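Data block below; observations after.
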Amino acid sequence: MVHVLSSRILLRPADPERSRIFYGQSLGLPVYREFGTGPERGTVYFLGGGFLEVSGRATAPPVPSLELWLQVADVRAAHEELSAGGVEVLRPPVREPWGLVEMWIRDPDGHRIVVVEVPEDHPLRYRP
Numbered sequence: 008m009v010h011v012l013s014s015r016i017l018l019r020p021a022d023p024e025r026s027r028i029f030y031g032q033s034l035g036l037p038v039y040r041e042f043g044t045g046p047e048r049g050t051v052y053f054l055g056g057g058f059l060e061v062s063g064r065a066t067a068p069p070v071p072s073l074e075l076w077l078q079v080a081d082v083r084a085a086h087e088e089l090s091a092g093g094v095e096v097l098r099p100p101v102r103e104p105w106g107l108v109e110m111w112i113r114d115p116d117g118h119r120i121v122v123v124e125v126p127e128d129h130p131l132r133y134r135p
């Protein structure tokens with residue numbers, strides 16, 4: 008059995024500085040740590056229970072299957088804030104048939120990000 012102590016998503020953007028602006032300023036993710044120097048230096052952001060590392064530079068187009076799932080307390084407030092900040096909203100908040108309220112945005116490299124609110128009456132809020 009693998010005993011995982013920590014985890015992070017590794018993201019290699021086409022334009023590292025543009026991605027640091029997006030994740031650090033537009034989304035407002037707090038910085039966990041930074042390392043290295045120069046344009047390809049690394050920045051690791053807190054993602055709730057995990058981390059997102061933006062470092063290096065992509066040598067190939069982004070993988071279309073990579074999507075991020077970010078849970079927030081109030082997706083409608085996030086929608087207003089992100090829209091006002093110029094973030095590309097692919098779809099505004101909608102309550103899905105499975106009960107979650109989801110909004111879709113896109114990062115500068117085209118990676119889709121679902122911003123999710125778990126309503127108080129949703130089963131994810133309860134343990135059997």
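Numbering (this note's numbering), first residue to last: 8 to 135.
Where is the CB? At the ideal position from N, CA and C, for every residue including glycine.
Note that the coordinates shown come from a computational prediction; the quantities given were computed from them, not determined experimentally.
Spell out a yes or no on whether the stretch 11-25 and the stretch 57-72 are touching, meaning 3 or more CB-CB pairs, one atom from each, closer than 8 Å. Short answer: they touch.
Could you compute how far the alpha carbon of VAL82 sits from the alpha carbon of GLU124? The count along the sequence shown starts at 1 and reaches residue 82 at position 75. The count along the sequence shown starts at 1 and reaches residue 124 at position 117. Each residue's Cα considered, the two are about 5 Å apart.
Where the beta strand (DSSP E) through GLU103 begins and ends: Sequence index remark: in the sequence shown, residue 103 carries index 96 (1-based). Careful: GLU103 lies outside any beta strand (DSSP E) and carries neither H nor E.
Is the Cβ-Cβ distance between GLY43 and GLY49 less than 8 Å? Along the sequence shown, read from residue 1 onward, the residue named residue 43 stands at position 36. Along the sequence shown, read from residue 1 onward, the residue named residue 49 stands at position 42. Using a Cβ distance threshold of 8 Å, GLY43 and GLY49 count as a contacting pair.
If distances are taken between C-alpha atoms only, which option among GLY31, VAL11 and HIS118 comes closest to LEU75? Along the sequence shown, one-based indexing puts residue 75 at 68. Sorting GLY31, VAL11 and HIS118 by C-alpha distance to the C-alpha of LEU75 places HIS118 at the top.
Checking the sheet assignment: what are the DSSP bridge partners for LEU17? Taking the sequence shown and counting its residues from 1, the one referred to as residue 17 is at position 10. LEU17 has GLU60 as its beta-bridge partners, per DSSP.
Cut-off 6 Å between Cβ atoms - residues of its own chain near HIS152, not counting five sequence neighbours on either side: Outside the displayed span of the chain (8 to 135) sits residue 152, for which this structure offers no information.
Spatial neighbours of VAL101 within its chain, please: CB distance less than 8 Å, with the 5 preceding and 5 following residues excluded, ordered by chain position. Along the sequence shown, read from residue 1 onward, the residue named residue 101 stands at position 94. Cβ neighbours of VAL101 beyond the five flanking positions: VAL108, GLU109 and MET110.
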